[in-house]
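Asker: Residue numbers (our numbering): 3 to 290.
What follows is a single structure, and I will ask about it in a moment.
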């Protein structure tokens, strides 16, 4: 895994990927710092972090992750990875750790900002750095999403666009939730759509139509059956679920001055699930 990590980390700095990500992150941070802290004469850097999170993640993260596996598949060098005396898990985590290491570098530099501001006013260091910690964990979670998407497609641009769409949709989940019907029927329809989507994911990952159809059928039947057994339980479930799945809302809790362990677990869980799915996606190709 160490060899994969070093090779991948070196590759970020032998092309423009790392430098482009750094430039975007520092540009966005500079704009928001100027608007929130300098022009606004505020020492609340945690508000700056929360405010800039969307643009920092929707632009640099897809750029950072789009080539991780997509380029390997396009160049047919993924076959060399499978021939290494390494487990698929080690390959995936080696590449993932390299990506979040690159992400960590600008965040460590941004961590100096509160120290600079403290020379000109009062800064709540505990809130600033806990928010920055949550910010990094959320970036690590979105990086895992990008790695998973990259393992599914061959084209780098398609990988970047899909990752950006997922981040965009996650940001607007709370707004979408406010317009969604709270009826049990709407929640059931939503869950059936999710069940069908999971069935499609199983199909694309296994290329087994029976497994995909069976997964979708079992999940959809279970949701419909649950609706008839306890419809009251599903009242308001759909908008509540959409709100709970927003990673950006979890970051806002940190910015509010609370070190939220639930948020930490949420970010780590998203990253863990995406890493597991990435391993399964590559295992399927390895034995295909």
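C-beta: ideal position from N, C-alpha, C; glycine also.
On a predicted model such as this, the values are computed, not experimentally measured, just so you know.
#1: Please report the distance separating the alpha-carbon of residue 264 from that of residue 161.
#2: I need the straight-line Cα distance from residue 284 to residue 102, nearest angstrom please.
#3: Assuming residue 116 and residue 24 form a contact by the criterion Cβ under 8 Å, report the distance between their Cβ atoms to the nearest whole angstrom.
#4: Looking at residue 109: is its Cβ nearer than 8 Å to the Cβ of residue 144?
#5: Run the CB neighbour count on residue 16, radius 10 Å, all protein chains shown included, and call it buried at 16 or more, exposed below.
#6: Check the C-beta distance from residue 189 over to residue 240 and give it rounded, since I have them as a contact under 8 Å.
#7: How close, in whole Å, do the beta carbons of residue 149 and residue 229 come, if the pair is a contact with beta carbons under 8 Å?
#8: Exposed or buried, residue 171, counting other C-beta atoms within 10 Å across all chains shown (16 or more means buried)?
#9: For residue 111, does the three-state DSSP call read helix, strand or coil?
#10: Are the CB atoms of residue 258 and residue 251 nearer to each other than 8 Å?
#11: Tell me whether residue 282 sits in a helix, a strand or coil according to DSSP, three-state version.
#12: Which class does residue 70 belong to by DSSP, given the choice of helix, strand or coil?
#13: What first and last residue would you give for the alpha helix (DSSP H) that runs through residue 181?
#14: For residue 188, name the three-state secondary structure that DSSP assigns.
#15: Taking C-alpha atoms, which residue in 224, 62, 43, 90 lies nearest to residue 26?
#16: For residue 59, which residues of its own chain have a beta-carbon under 8 Å away from its beta-carbon, when the five flanking residues on both sides are left out?
#17: So residue 90 and residue 281 are supposed to be a Cβ contact under 8 Å. How far apart are they, rounded?
#18: Using only alpha-carbon positions, find the residue among 178, 65, 87, 53 that is nearest to residue 255.
#19: To which residues of the same chain is residue 234 closer than 8 Å at the C-beta, ignoring the five residues directly before and after it?
Answerer: With the structure as the only source:
#1: 30 Å
#2: 20 Å
#3: Between residue 24 and residue 116 the Cβ distance is about 20 Å, and since that is not below 8 Å, they are no contact.
#4: no
#5: exposed
#6: 4 Å
#7: Not really, about 35 Å apart at Cβ, beyond 8 Å.
#8: exposed
#9: helix
#10: no
#11: helix
#12: coil
#13: It is not in any alpha helix (DSSP H) - residue 181 carries neither H nor E in the DSSP assignment.
#14: helix
#15: 62
#16: 140, 141, 144, 169
#17: 5 Å
#18: 53
#19: 186
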